[in-house]
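>
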Amino acid sequence: MLTLGFSTHKAMARRRGPQGFTLIELLIAVAIIAITMAVAAPSFSQLQANYRLRSGAESVLNGLNFARAEAVRRNAPVTFSLTGTKSGWTVTANGGAVIQSRTDSETGGLTAASSNGATSVIFLPTGLVNATGAWLTQVTVSSTTAGTGARVINILGGGLIRMCDPAVSLANDPRRC
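For what it's worth, my numbering labels the leading residue of the sequence shown as 2, then goes sequentially.
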């Protein structure tokens, strides 16, 4: 009886042939992967656009904070200016020498617009804003991709610089405008 089981097992092993995937199984697996990728692709592109928006707005915010800190450190006025039509910016010293800048090409797919038409703000050695004349009081950074929001950066006369999200409506959320 033991011999019978052994020979039956050997005969079955000969009939099965080599193990592996059939062409049908492989095509089904490829079709499932293709369908999953087709469903996930729009979400991924939206995720990338939101990341670019957040990154570009933080770049402008960091440039403003850098200009303010440099004015205090140098004990001299420092100017932050929006450049081009997108979200590029430049920080210049009192004599006009460029200290730091970001070009429009570094933040593709974004636009930065001033609320009052002014494109620059001067930080005084005290860290306050030079409030004589018109200065850049609010920058709205938005994406050219449909369905993404915007970020608003407010520059107050006392030197406070704050970024907020206009889409947030909860009263106690610190991201709210």
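All C-beta atoms, glycine included, are put in the ideal place defined by N, C-alpha and C.
(1) Which residue or residues does DSSP assign as beta-bridge partners of residue 178?
(2) Identify, in the order they occur along the chain, each residue of the same chain with its Cβ nearer than 8 Å to the Cβ of residue 156, setting aside the five sequence neighbours on each side.
(3) Using a Cβ-Cβ cutoff of less than 8 Å, which residues in the same chain neighbour residue 47 once the five nearest sequence positions on both sides are dropped?
(4) Keeping to the same chain, check which residues put their C-beta closer than 6 Å to that of residue 73; ignore five residues upstream and five downstream.
(5) Check this for me: beta carbons of residue 124 and residue 79, under 7 Å apart or not?
(6) Output yes or no for whether 7 Å exceeds the beta carbon distance between residue 69 and residue 134.
(7) Considering only residues of the same chain and omitting the five flanking positions on each side of residue 192, which have a CB-CB separation below 8 Å?
(8) Look at residue 91 and residue 102 and say whether their C-beta atoms are less than 7 Å apart.
(9) Quick check: the Cα distance between residue 165 and residue 100, rounded to an integer number of angstroms?
(10) Less than 7 Å between the beta carbons of residue 1 and residue 58, yes or no?
(11) By DSSP, does residue 57 sit in helix, in strand, or in coil?
(12) Considering residue 143, what are the terminal residues of the beta strand (DSSP E) in which it resides?
(13) If you draw a straight line from the alpha carbon of residue 22 to that of residue 39, how long is it in whole angstroms?
(14) Look up residue 81 in the DSSP assignment and say whether it is helix, strand or coil.
(15) Let me make sure I understand the geometry here. Which of 154, 67, 115, 50 has the alpha-carbon closest to that of residue 94?
(16) Is the beta carbon of residue 144 less than 7 Å from the beta carbon of residue 54?
The relevant details are as follows:
(1) Numbered from its first residue, the sequence shown carries residue 178 at position 177. Looking at the DSSP assignment, residue 178 forms no beta bridge with any residue, so it has no partner.
(2) Stepping through the sequence shown from its first residue, residue 156 is reached at position 155. Excluding sequence neighbours, residue 156 sits near 65, 122, 130, 136, 137, 138, 139, 140, 162.
(3) Translated into positions along the sequence shown, residue 47 becomes position 46. Closer than 8 Å at Cβ, skipping near neighbours: 146, 148, 149.
(4) Taking the sequence shown and counting its residues from 1, one reaches residue 73 at position 72. For residue 73, where only same-chain residues beyond five positions count, the Cβ hits under 6 Å are 128.
(5) Here residue 124 refers to the residue found at position 123 of the sequence shown. Here residue 79 refers to the residue found at position 78 of the sequence shown. Yes; because the gap between Cβ atoms is below 7 Å, this pair is in contact.
(6) As a working mapping, residue 69 is identified with position 68 in the sequence shown. As a working mapping, residue 134 is identified with position 133 in the sequence shown. No, the Cβ-Cβ distance between residue 69 and residue 134 is not below 7 Å.
(7) Because the chain spans 2 through 178 in this model, residue 192 falls outside it and cannot be assessed.
(8) As a first step, residue 91 is located in the sequence shown; it is residue number 90 there, counting from the start. As a first step, residue 102 is located in the sequence shown; it is residue number 101 there, counting from the start. For residue 91 and residue 102, yes; Cβs fall inside 7 Å.
(9) Within the sequence shown, residue 165 is the residue found at index 164, counting from 1. Within the sequence shown, residue 100 is the residue found at index 99, counting from 1. Each residue's alpha carbon lies about 26 Å from the other.
(10) What the structure shows of the chain is the stretch from 2 to 178, and residue 1 is not part of that stretch, so it cannot be assessed.
(11) Position 56 of the sequence shown, counted from the first residue, corresponds to residue 57. Helix, per DSSP.
(12) As a position in the sequence shown, residue 143 is number 142, starting the count at 1. Start and end: 139–144.
(13) The residue labelled residue 22 in the question sits at position 21 within the sequence shown. The residue labelled residue 39 in the question sits at position 38 within the sequence shown. Taking the straight line joining both Cα atoms gives about 25 Å.
(14) Taking the first residue of the sequence shown as 1, we reach residue 81 at position 80. Here residue 81 sits in strand by DSSP.
(15) The residue labelled residue 94 in the question sits at position 93 within the sequence shown. Looking at the Cα atoms, 67 is the closest of the given residues.
(16) Locating residue 144 in the sequence shown gives position 143, counting from the first residue. Locating residue 54 in the sequence shown gives position 53, counting from the first residue. For residue 144 and residue 54, yes; Cβs fall inside 7 Å.
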